[in-house]
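A.B. asks:
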């Protein structure tokens, strides 16, 4: 059943980062779906009870970062991976963080995030609409998304400055 | 408007129309859009999300000026709903729209601007001219449907002013440039052959000085008629300067599907023979042409010098192709005029190629 879905990985299956994320999700036994891009990712958001979307910032941030807002409406937390050397993308990153996106710069952080999600999964259950598809208003209470405490993973101001070279 | 009336409308349309993109570019008057019969989501991700909830008879997607991921977005619409996908394209985007339809990413396209009622007619099937655009794409004079005759004529006039050369009726420089840019972009993704012919009429100044500018204009018109007659319907032909013309020979997407991958690769490795044949035929037609305005001297005097450059061997952008074709044209002129040279060939006069 679609509502078991916990993670959406967005990106090309040939991308090393995506492969690592899929391996991690397998290790933590997370129900995961792979979407090639944000466009197909949007189609999957309504099929679950919320969870985490993981992908590279370049992909998740397409179309003015609108994906972040839609994902949040469906109770998903976006986790953007950013390679070092983000010159020119500072504004996008700040905007993403303002939208509650978790920005990570190391795969280790993704590992921790998914481990946390796995440990906490099942804590929170959202309502499911009659058509089996969740609506934006069915979002979980703020601060908690599908049993995942994103606050622990939000980047601090100091970390952000270090990342952006400020 | 009452609820029942809205429902009746919805039933008549078989669902609402979902619109996405810059609607200001798509419709003659965005104020005409009937919000009861459609849902608008400017951002395409919101539109995909809305489409996934169902209830739409059609999705109208305005092709953006820069549309790197448009194909992915259309694929998402396909996966998430069964609505017809209608592309709303500007005239220079027609090759792109044709290609998307040829690859089944969309169902049909309309050349904008149109009235909202035209889109509704198309979706509801009440449009008597509702031939699917993928078929109509062959004749490249796409019409604006669903408008009263006077408005249609005004729009056609505006289109002509924006894209055509008033002296010859061929396309103008802006159109040719944009058209070539689009087909090169397409060829970069899916392969395909493109050849650019740039030519000018030999000794036009001489005829202008001797017989007057009306005669010069007639010569240009005559050359335009002949080149258009020699080209295929899907090739774009234009006057790009005073006596300078250009033709873009490219692979029709429907024919393209028939080419297998190896054929496509080998074909793109060299100057396509079709383009050379067309250029030769054109030269032959010029030799036979009679220019009445020049009196008894008017037979067989019409001549051109030209250069042919092909993508990708001679350039990977429209700018590079024009530069190379222009260079070949200059060489042809320096070598005595009345000939077409190929870029980068040891024996580069097309008359020497069997």
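Chains as they are written, first to last, in the working numbering: chain A, 170 to 335; chain B, 40 to 393. A virtual CB, placed ideally from N, CA and C, is assigned to each residue, including glycine.
1) Taking contact to mean at least 3 C-beta pairs separated by less than 8 Å, is the region 223 to 242 of chain B in contact with the region 350 to 365 of chain B?
2) Would you kindly work out how many angstroms separate the C-alpha atoms of residue 238 of chain B and residue 278 of chain B, rounded to a whole number?
3) Mind checking who residue 203 of chain B pairs with in its DSSP beta bridge?
4) Against residue 87 of chain B, what residues of chain A qualify as contacts under a CB-to-CB distance less than 8 Å, listed in chain order?
5) Could you work out which residue in B:316, B:194 and B:229 is closest to residue 236 of chain B when comparing CA atoms only?
6) Hey, which unbroken runs of the alpha helix (DSSP H) at 4 residues or more fall wholly within the region 223 to 300 of chain B?
7) If you follow the beta strand (DSSP E) that residue 288 of chain A is part of, which residue opens it and which one closes it?
8) For residue 245 of chain A and chain B, any beta-carbon pair shorter than 9 Å?
9) Whose C-beta lies closer than 8 Å to the C-beta of residue 203 of chain B among residues of the same chain, with five residues either side of it excluded?
10) Using three-state DSSP, classify residue 173 of chain B as helix, strand or coil.
11) Helix, strand or coil for residue 224 of chain A, going by three-state DSSP, please let me know.
12) Going along the chain, which residues of the region 227 to 240 of chain A sit with their C-beta nearer than 8 Å to a C-beta in chain B?
13) Using the Cβ count rule (16 or more neighbours within 10 Å means buried), how would you classify residue 202 of chain A?
14) Can you tell which of A:273, A:233 and A:240 has its C-alpha closest to the C-alpha of residue 252 of chain A?
15) Could you spell out the range, first to last residue, of the beta strand (DSSP E) harbouring residue 266 of chain A?
16) Look at the alpha carbon of residue 331 of chain B and the alpha carbon of residue 245 of chain B, and state the distance between them as a whole number of angstroms.
17) Provide the residue(s) that pair with residue 97 of chain B in DSSP beta bridges, ordered along the chain.
18) Give the single residue among A:267, A:231, A:174 and A:264 whose Cα lies nearest to the Cα of residue 214 of chain A.
19) Determine whether the beta carbon atoms of residue 99 of chain B and residue 120 of chain B lie at a separation below 9 Å.
20) By Cβ distance below 6 Å, which residues in the same chain neighbour residue 219 of chain B in space, the five residues on each side in sequence not counted?
21) From the DSSP output, in three-state form, read off residue 204 of chain A for me.
22) Give the C-beta separation of residue 347 of chain B and residue 314 of chain B to the nearest angstrom, bearing in mind that I take them to be a contact with Cβ-Cβ under 8 Å.
23) With burial defined as no fewer than 16 other Cβ atoms inside 10 Å of the residue's Cβ, what is the status of residue 282 of chain A: buried or exposed?
24) What does residue 247 of chain A pair with, by DSSP beta-bridge criteria?
25) If you pair each beta-carbon of the region 127 to 145 of chain B with each one of the region 85 to 103 of chain B, do three or more pairs fall below 8 Å?
26) What does residue 215 of chain A reach in chain B if we use C-beta pairs closer than 8 Å?
27) Confirm the yes/no value for this check: CB of residue 348 of chain B, any heavy atom of the ligand NAD, distance under 8 Å.
28) Starting from residue 210 of chain A, follow its DSSP beta bridges and name the residues at the other end.
29) Consult DSSP for residue 186 of chain A and reduce its assignment to one of helix, strand or coil.
30) Please tell me whether residue 118 of chain B has its Cβ less than 9 Å away from any Cβ of chain A.
C.D. replies: Based on what the coordinates show:
1) Note that the region 223 to 242 of chain B touches the region 350 to 365 of chain B; at least 3 beta-carbon pairs, one per stretch, sit closer than 8 Å.
2) Along the second chain, one-based indexing puts residue 238 of chain B at 199. Along the second chain, one-based indexing puts residue 278 of chain B at 239. Distance from the CA of residue 238 of chain B to the CA of residue 278 of chain B, rounded to the nearest whole angstrom, comes to 10 Å.
3) For the purposes of this step, residue 203 of chain B is taken as the residue at position 164 of the second chain. When beta bridges are read from the DSSP output, residue 203 of chain B appears opposite B:210.
4) Working through the second chain from its first residue, we reach residue 87 of chain B at position 48. Think of a sphere of 8 Å around the beta carbon of residue 87 of chain B: the chain A residues whose beta carbon falls inside it are 208, 211 and 212, in chain order.
5) For the purposes of this step, residue 236 of chain B is taken as the residue at position 197 of the second chain. The option with the nearest alpha carbon to residue 236 of chain B is B:316.
6) Within the region 223 to 300 of chain B, the complete alpha helix (DSSP H) runs of at least 4 residues are 243 to 250, 252 to 269 and 292 to 297.
7) Position 119 of the first chain, counting from 1, holds the residue named residue 288 of chain A. Segment 276 to 289 is the alpha helix (DSSP H) holding residue 288 of chain A; no beta strand (DSSP E) there.
8) Counting from one through the first chain, the residue named residue 245 of chain A turns up at place 76. Chain B contact via Cβ: absent.
9) Residue mapping note: residue 203 of chain B aligns to position 164 of the second chain, counting from 1. Non-local C-beta neighbours of residue 203 of chain B in its own chain, meaning closer than 8 Å and more than five positions away in sequence, comprise 209, 210, 211 and 214, ordered along the chain.
10) Position 134 of the second chain, counted from the start, is the residue given in the question as residue 173 of chain B. Low confidence applies here, because residue 173 of chain B scores a pLDDT of 35, under 50, leaving its location unreliable; read the following figure in that light. Three-state result, residue 173 of chain B: helix.
11) Numbered from 1 along the first chain, position 55 holds the residue referred to as residue 224 of chain A. DSSP places residue 224 of chain A in the strand class (E or B) of the three-state scheme.
12) Hits within the stretch, in order: 231, 232, 233, 235, 236 and 239.
13) Here residue 202 of chain A refers to the residue found at position 33 when the first chain is read from its first residue. Per the 10 Å Cβ criterion, buried.
14) Locating residue 252 of chain A in the first chain gives position 83, where the first residue counts as 1. Among A:273, A:233 and A:240, the Cα nearest to that of residue 252 of chain A belongs to A:273.
15) Residue 266 of chain A sits at position 97 when you count from the first residue of the first chain. From DSSP, residue 266 of chain A is part of no beta strand (DSSP E) but of the alpha helix (DSSP H) over 259 to 267.
16) As a working mapping, residue 331 of chain B is identified with position 292 in the second chain. As a working mapping, residue 245 of chain B is identified with position 206 in the second chain. Linking residue 331 of chain B to residue 245 of chain B through their CA atoms gives a straight-line distance of about 16 Å.
17) Position 58 of the second chain, counted from the first residue, corresponds to residue 97 of chain B. BP columns for residue 97 of chain B point to B:56 and B:123.
18) Mapped onto the first chain, residue 214 of chain A falls at position 45. With respect to the C-alpha of residue 214 of chain A, the residue from A:267, A:231, A:174 and A:264 having the closest C-alpha is A:174.
19) One-based indexing of the second chain puts residue 99 of chain B at position 60. One-based indexing of the second chain puts residue 120 of chain B at position 81. No, Cβ-Cβ distance for residue 99 of chain B and residue 120 of chain B is not below 9 Å.
20) Start at 1 with the first residue of the second chain, and residue 219 of chain B comes out as number 180. Cβ within range, chain order: 287 and 357.
21) By 1-based counting over the first chain, the position of residue 204 of chain A is 35. Looking at residue 204 of chain A - three-state DSSP - the assignment turns out to be strand.
22) Translated into the one-based positions of the second chain, residue 347 of chain B becomes position 308. Translated into the one-based positions of the second chain, residue 314 of chain B becomes position 275. About 7 Å separates the beta carbons of residue 347 of chain B and residue 314 of chain B, which is inside the 8 Å limit, making them a contact pair.
23) Here the question's residue 282 of chain A lines up with position 113 in the first chain. Buried: at least 16 other Cβ atoms inside 10 Å.
24) The residue given as residue 247 of chain A occupies position 78 in the first chain. DSSP output for residue 247 of chain A lists A:222 as bridge partner(s).
25) Using a C-beta cut-off of 8 Å, the region 127 to 145 of chain B makes contact with the region 85 to 103 of chain B, since at least three inter-stretch Cβ pairs fall below that distance.
26) Start at 1 with the first residue of the first chain, and residue 215 of chain A comes out as number 46. Listed along chain B are 88, 91 and 92, each with a C-beta nearer than 8 Å to that of residue 215 of chain A.
27) Among the components of this structure there are no ligands whatsoever, and the ligand NAD is therefore not found.
28) As a first step, residue 210 of chain A must be located in the first chain, where it is residue number 41. DSSP output for residue 210 of chain A lists no bridge partner at all.
29) Here residue 186 of chain A refers to the residue found at position 17 of the first chain. Helix at residue 186 of chain A.
30) On the second chain, position 79 is the one that residue 118 of chain B refers to. Taking Cβ atoms only, chain A reaches closer than 9 Å to residue 118 of chain B, which makes this a yes.
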